[in-house]
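Just add 34 to the spot in the sequence shown (first one is 1) and you have our numbering.
Cβ coordinates follow ideal geometry from the N, Cα and C atoms, glycine included.
Note that this is a predicted model, so its numbers are computed, not measured.
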Amino acid sequence: MTVILAAEPIPEQHVEDLRQQGLTIINLDDVQPEQLATIDIMFGWNKVVGPKILATPNHRLKWIQAASSGVDYLPLATLSEQGIIVSNAKGMHAVPIAQTVMSYILYFTRGIRQSLSSQANKEWRHHEIGRATETLEHRTIMVFGTGQIGHQIAVYAKALGLKTIGINRHGEKRDAFDEILTDQDYQTKLADADFVVNMMPLTPETENFFDTAFFNAMGEGHYFFNLGRGASINETALMAQLNNGHLAGAAIDVAQTEPLPETSPLWTTTNLVITPHISGYIPDIHERLFRIFEQNLPVFLTDGQLAVNQVDLSAGY
Numbered sequence: 035m036t037v038i039l040a041a042e043p044i045p046e047q048h049v050e051d052l053r054q055q056g057l058t059i060i061n062l063d064d065v066q067p068e069q070l071a072t073i074d075i076m077f078g079w080n081k082v083v084g085p086k087i088l089a090t091p092n093h094r095l096k097w098i099q100a101a102s103s104g105v106d107y108l109p110l111a112t113l114s115e116q117g118i119i120v121s122n123a124k125g126m127h128a129v130p131i132a133q134t135v136m137s138y139i140l141y142f143t144r145g146i147r148q149s150l151s152s153q154a155n156k157e158w159r160h161h162e163i164g165r166a167t168e169t170l171e172h173r174t175i176m177v178f179g180t181g182q183i184g185h186q187i188a189v190y191a192k193a194l195g196l197k198t199i200g201i202n203r204h205g206e207k208r209d210a211f212d213e214i215l216t217d218q219d220y221q222t223k224l225a226d227a228d229f230v231v232n233m234m235p236l237t238p239e240t241e242n243f244f245d246t247a248f249f250n251a252m253g254e255g256h257y258f259f260n261l262g263r264g265a266s267i268n269e270t271a272l273m274a275q276l277n278n279g280h281l282a283g284a285a286i287d288v289a290q291t292e293p294l295p296e297t298s299p300l301w302t303t304t305n306l307v308i309t310p311h312i313s314g315y316i317p318d319i320h321e322r323l324f325r326i327f328e329q330n331l332p333v334f335l336t337d338g339q340l341a342v343n344q345v346d347l348s349a350g351y
């Protein structure tokens, strides 16, 4: 009998179908210590129960369906050692995250930021704000990470008239990007990028990638958006570049410490937009996650393999 631990809710309309296939579903709130060794599959991950399963002698866990694209929060080395495979939610969040990036761009360029301040003070600053607006045609966006999310950002950006430059490890061509560079030669075009977006997974190579030297090399008056992982950027360096005016604005959907502490100076940094890790949220997130899961389930039950979205544990994505 195959046992699935629902660390994320499985949509109710699918639970009975799984049971009719002979599968046992245990909800996270109902799992008992004696059941930890019997779990074969985790739908989602739980940072308390997951490590307990991995530490249980002779446990049966063989597959984790993560609820996110990035999996840096998982104990990847332990999973590899124990022969546990992982599938992620790659592609599921592409549209909402890309839409969030577009909202950042329009907020900073179309007078919305200034209008909100004006509204709060009941001031009608027609000409002043109007003269400060910018148009996007012939401007450039550089996206670090050209997977499904990066691709969707490029699609939307081109619709707004932006030139698109994508950055990936090996320089592989990607649709919707006018140009592809690698993470070793992006510097040749960095100063030309009006908007820089981080969508890279967190790996040892991408940790603290966006540092003082990087921000110094960006063009004056340009914008930086981080929707990848908080640890990829040096937050102190970013704040310094915003406070001294080198960067015209930035937005972060992720932070090194989450929830962001009340004492963090990020809250009061000049021209910084903070969204609380919500860019990937969608109303039917668990239904969409299950669609990935159900593609893999028959293959896994037959031969222990996955059909889609398998993570390379050694690479971290």
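Assignment of Asn-250 by DSSP, reduced to helix, strand and coil, places it in the helix class. Looking at the DSSP output, Phe-258 bridges to Val-230 and Ala-284. One Cα belongs to Trp-301, the other to Tyr-315, and the distance between them is close to 22 Å. Contact between Asn-122 and Asn-343 holds, with the beta-carbon distance rounding to 5 Å and staying under 8 Å. Classified as exposed, Asn-61 has fewer than 16 neighbouring CB atoms from the shown chains inside 10 Å of its CB. Residue environment for Gly-181: buried (at least 16 other C-beta atoms within 10 angstroms of its C-beta). Residue Gly-195 holds the alpha-carbon nearest to the alpha-carbon of Leu-170 among Val-307, Glu-162, Gly-195 and Ile-146. The beta carbon of Glu-321 sits closer than 8 Å to the beta carbons of Pro-45 from its chain, once the five residues preceding and following it are set aside; these are given in chain order. Remark: three or more beta-carbon pairs, one from each stretch, lie closer than 8 Å, so the segment 235-244 and the segment 264-283 are flagged as touching. Counting of Cβ neighbours within 10 angstroms places Asn-155 among the exposed residues, the total staying below 16. Measuring C-alpha to C-alpha distances from Gly-350 to each of Asp-63, Val-105 and Ile-98 identifies Val-105 as the nearest. Contact annotation: the segment 334-341 does not touch the segment 81-91, with fewer than three C-beta pairs closer than 8 Å.
Within the same chain, and ignoring the five residues on either side of Ile-146 in sequence, the residues whose Cβ sits closer than 8 Å to its Cβ are Leu-140. For Trp-97, DSSP records a beta bridge to Ile-75 and Ile-119. Around the beta-carbon of Pro-235, 16 or more other beta-carbon atoms lie within 10 Å, marking it buried. DSSP places Gln-148 in the helix class (H, G or I) of the three-state scheme. Tyr-190 and Ile-326 have their C-alpha atoms some 24 Å from each other. Note on the segment 169-239: whole alpha helix (DSSP H) runs with a minimum of 4 residues are 182-193 and 221-224, in chain order.
Annotation for Val-135: the continuous alpha helix (DSSP H) segment containing it runs 128-143. Counted as a single uninterrupted DSSP element, the alpha helix (DSSP H) harbouring Asn-277 occupies residues 269-277. Scanning its chain for C-beta atoms nearer than 7 Å, with the 5 sequence neighbours on each side dropped, one finds around Ala-166 the residues Gly-145 and Gln-148, in chain order.
In this structure, the beta-carbon distance from Val-135 to Val-231 falls below 7 Å. The alpha carbon of Arg-173 has as its nearest neighbour, out of Ser-137, Asp-228 and Asn-202, the alpha carbon of Asp-228.
Taking the C-beta atoms as reference points, Gly-279 is found no nearer than 7 Å to Tyr-257. Put simply, of Gln-66, Arg-263, Glu-157 and Asp-74 the residue whose alpha carbon is nearest the alpha carbon of Val-82 is Gln-66.
Take Gly-255, set aside five residues on each side of it, and the residues of its chain with a beta-carbon closer than 7 Å to its own are Ala-282, in chain order.
Counting only the Cα atoms, Gly-117 lies some 20 Å from Gln-69.
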